[in-house]
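Counting with our numbering, you get residues 12 to 451 for the letters of the first sequence.
Each residue gets a CB set at the ideal place from its N, CA and C atoms; glycine is no exception.
Source: prediction; values computed, not measured.
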Amino acid sequence: MSLRVRFAPSPTGDLHVGGARTALFNWLMARKTGGTFILRVEDTDGARNTAEASAGILKGLRWLGLDWDEGPEAGGDCGPYFQSQRKDIYDAYFKKLEDAGRVYAEPDGAMRFKFSRTAITVHDLVCGDVTFAPTEEPDMTIRRPDGSYIFHFVNVVDDIEMRMTHVIRGEDHLSNTWKHIDLFNAFGATPPTYVHIPLILNPDGTKMSKRDEGSAIEHSYMNAGFLPDAVFNYLCMLGWTPKAESEKLSRSELTALFDAEAIHSSNAKFDLKKAQWFNAQYLRELSPDALLQQARPFLTAKGLQWTDDAMAAAAVHSVREKVSLLTELPEWVHYFFREDFPFEEDVVAKLKAKPENADLLKAASDQLAQATEWTEQSVHDAVEAAANTLAIKAGKLMPLLRFALSGQSRGPGVTTIAHLIGKEKTLARIQRALREVVDN
RNA sequence: GACCCCUUCGUCUAGCGGUUAGGACACAUCCCUUUCACGGAUGCGACACGAGUUCGAUUCUCGUAGGGGUCGCCA
C-alpha cells in the first residue's frame, strides 16, 4: 500500500512556521516515498474560519513549493477536501458509533463519545511507543447541539475515509492521540502510524504564536524578502538533521535524505539570524536575471523604476553579497535608478573639511572624460591615470568617486558603478557632487 | 492538579560506553581589500543536578529540577 499523508490546517489565520514545517515534513515524506500528499482544510468551526485565511494558507504553501496531489483546486477521489462540505460522511460515521452504543447525549443535545477506558498505546516514529493509562477524563464531545462535529471526530473520520497511512503533525497533538485511536478502534479501523514532530519555540522558549516575530509565513518571509528555497531549507533544520556534510541542501537533496525516524523529539527555538544566513546563501547563487525577478517587487515598492532590465539585473547582482534579504536591496541600489539620490550627511561633512577633495575629483573627471571606451577596465585606467598626475594612489580617489556616484560610502566597486550607469551619468554625477557637496 | 514529551556551547545540533566532546549560526580578533560585504584563519563557548549499572558514563536505568505540551461544545 502506497503511503498517504496529509496537511490539515484550520483556516483561522495565516500559515504559521509551525504549520509550514508540518506541511514540509509531510511533503518530504510523500515525495521521498512516491506517496500521496493531501491537503485537507479543517474548517468545521464556522465562527472562526474565513475564506481569506484559507486562501492565504494555500498561497503560503505554494510559495514554499509544497504542491499537493489531492485537495482544494487539485481534486482527488477522496473529496470534498473541505470538512465543511463533508457533513453526510460524518453523519454516517456518527451513526456507526450510535449503533455501537458508543455515544450519548448531554441535556443540551451535545453528543459525547464514550471512551473505552482501556490503556492505549500510540506507536510513534519519533516518540516511540507511548502508552496512556485509562484516565478520569470526561468522555469527549464529538458533536455540537447544532449538529456540527468537533475536531477529534472529523479528523479521525477523514483520516479513515482518505486512507491515511501516516499522520505527521505537531507534538502538541500527542497527548490527545489516544482519544483518536480509541475512535479508530470504535470504527474498527486501523490507526495510522504517527509521527509527532517537535514544536518550534520563540527564542525565549515560549510557544510561538501568530503574533510572534517570524511566525507568519506571508508577513515574516514572503514580504520580508526571503527566498522560498531558503525558508524551506531552514525549516527543515529545525527538528531534523540530515546526514550530510552541509546544512545547505536543495529540495531534491532534502527529499532524498528525508527520514521520519531521524526527526528529533525535542523542541527547537527559532533563530532569525540563521534563517537570514540561509537566505543570504541562496541569494548569492541567483543569476542576475533570477535575482532581478525576485527583487523586482521590492524595488518597485520603493518607487524605483527602470527600462533596461539587463542593467537593473547587473545592478542588483553587483550587491548580492552585501544583503541577506531582498528588502535590503533598494537601499543598496537606488542610485543606479535615479539621479537625485541623497548624499549621506556624515560623509558630506568629512568631505567639506578637506577642500583639496575638489581638485582630486576634478582630476578624475578630466581623465574619465577622455576615455574613448567605457568598460570597467577603462574606468579603472582613467582613475589610475588621474592618480598618477596627482601623485597619489588610486585608492585615494576611489572613495571620493564612490561618494560622487552613489552618495554612499559603501557599495559595489566604483568601476562597476561607473560602468553600469555609463559615461554620461558618471561625469554628470561628479559635477553634481562638486557643485553640491565638495565646493562651498 | 493529573497525564505526556523533552534536557550537549547563546541558538540549531553531531555523538549512539573509552573522543583533546565535532560542525553550523551568532559574537570577537586577524588576513584579504578602493568602501561595504564575501571569502580564509583563529578564538570564545556545552554534556541541568543526584544516585545507580559498569573497569569506565555525555551516552544505559531511576530520581530531582527545569522547559514544553495536553486535559474545550478551538483546531
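Since residue i is in the beta strand (DSSP E), which residue starts that stretch and which ends it?
| i | result |
| --- | --- |
| F18 | 15–18 |
| G139 | 139–143 |
| H430 | H430 -> not in any beta strand (DSSP E); alpha helix (DSSP H) instead, spanning 425–432. |
| L337 | Careful: L337 lies outside any beta strand (DSSP E) and carries neither H nor E. |
| A306 | From DSSP, A306 is part of no beta strand (DSSP E) but of the alpha helix (DSSP H) over 299–311. |
| Y293 | Element bounds for Y293: not the beta strand (DSSP E) but the alpha helix (DSSP H), 283–296. |
| V114 | 114–116 |
| D135 | 131–135 |
Using only the alpha-carbon positions, how far apart do residue i and residue j sit?
| i | j | result |
| --- | --- | --- |
| R421 | L210 | 41 Å |
| E384 | G433 | 10 Å |
| S298 | V327 | 10 Å |
| M214 | W251 | One detail in the question is off: residue 214 reads as Pro in this sequence, not Met. Their backbone Cα atoms lie some 18 Å apart in a straight line. |
| M40 | T132 | 23 Å |
| L249 | H230 | 20 Å |
| A325 | M175 | 49 Å |
| L194 | W343 | 58 Å |
| R51 | Q419 | 51 Å |
| Q305 | A31 | 21 Å |
| P341 | N60 | 37 Å |
| D183 | K280 | 15 Å |
| R154 | T55 | 11 Å |
| K365 | S329 | 30 Å |
| D240 | Y293 | 7 Å |
| A103 | D110 | 11 Å |
| R440 | T217 | 52 Å |
| V141 | F198 | 22 Å |
| V16 | G57 | 25 Å |
| K361 | A323 | 31 Å |
| K107 | V114 | 10 Å |
| L14 | G45 | 8 Å |
| L185 | A19 | 16 Å |
| L212 | S95 | 31 Å |
| F347 | S417 | 8 Å |
| A369 | R73 | 55 Å |
| A312 | T338 | 10 Å |
| D3 | A235 | Residue 3 is absent from the model: the chain starts at 12 and stops at 451. |
| P145 | T152 | 18 Å |
May I ask which residues mark the beginning and end of the alpha helix (DSSP H) holding residue i?
| i | result |
| --- | --- |
| V167 | 162–172 |
| T252 | Element bounds for T252: n/a, residue is neither H nor E. |
| M151 | Run containing M151: none in the alpha helix (DSSP H); it sits in the beta strand (DSSP E), 151–154. |
| I68 | 62–74 |
| T47 | It is not in any alpha helix (DSSP H) - T47 instead sits in the beta strand (DSSP E) that spans 47–50. |
| T7 | Only positions 12 to 451 of the chain appear in this structure, which leaves residue 7 out of reach. |
| H328 | 320–329 |
| G30 | 28–44 |
I believe residue i touches residue j by the beta-carbon criterion, under 8 Å. Please report the beta-carbon distance rounded to the nearest angstrom.
| i | j | result |
| --- | --- | --- |
| W79 | I49 | 6 Å |
| Q287 | L238 | Between L238 and Q287 the Cβ distance is about 11 Å, and since that is not below 8 Å, they are no contact. |
| L246 | P253 | Contact doesn't hold; Cβ gap of about 13 Å is too wide. |
| R123 | D150 | 4 Å |
| K43 | T266 | 5 Å |
| L372 | V394 | Actually they do not touch by this definition, with Cβ atoms about 11 Å apart. |
| F243 | G76 | 7 Å |
| S389 | L438 | At roughly 14 Å, the Cβ-Cβ gap does not stay under 8 Å, so S389 and L438 are not in contact. |
| T47 | I208 | T47 to I208, Cβ: 19 Å. No contact. |
query = Can at least three beta-carbon pairs, one atom from the stretch 121–135 and one from the stretch 80–99, be found at a separation below 8 Å?
reply = Taking a cut-off of 8 Å on C-beta distances, the stretch 121–135 does not touch the stretch 80–99, as fewer than three cross pairs fall below it.
message = Taking 8 Å as the cut-off, does the stretch 318–338 touch the stretch 257–270 (at least 3 CB pairs, one atom from each stretch)?
response = With the rule of 3 Cβ pairs closer than 8 Å, the stretch 257–270 does not count as touching the stretch 318–338.
message = Using 8 Å as the cut-off, can you tell me whether the stretch 133–142 makes contact with the stretch 162–175, which would need three or more C-beta pairs spanning the two stretches below that distance?
response = The stretch 133–142 is not in contact with the stretch 162–175.
key: Segment contact, 8 Å Cβ cut-off, at least three pairs: the stretch 52–71 with the stretch 17–30   = Yes, since at least three Cβ pairs between the stretch 52–71 and the stretch 17–30 fall closer than 8 Å, the two stretches touch.
query = Which full runs of the alpha helix (DSSP H) of 4+ residues lie inside the stretch 214–255, going along the chain?
reply = The stretch 214–255 contains these whole alpha helix (DSSP H) runs: 239–248.
key: Secondary structure, beta strand (DSSP E): runs of 3+ residues fully inside the stretch 182–210   = Correct list: 204–208.
task = Report the residue ranges of all beta strand (DSSP E) runs contained in full by the stretch 78–125; include only those spanning at least 3 residues, in chain order.
result = Runs found: 114–116, 122–124.
task = Counting only runs of 4+ residues fully inside the stretch 379–442, write out the alpha helix (DSSP H) ranges in chain order.
result = Within the stretch 379–442, the complete alpha helix (DSSP H) segments at least 4 residues long are 387–401, 405–417, 425–432, listed from N- to C-terminus.
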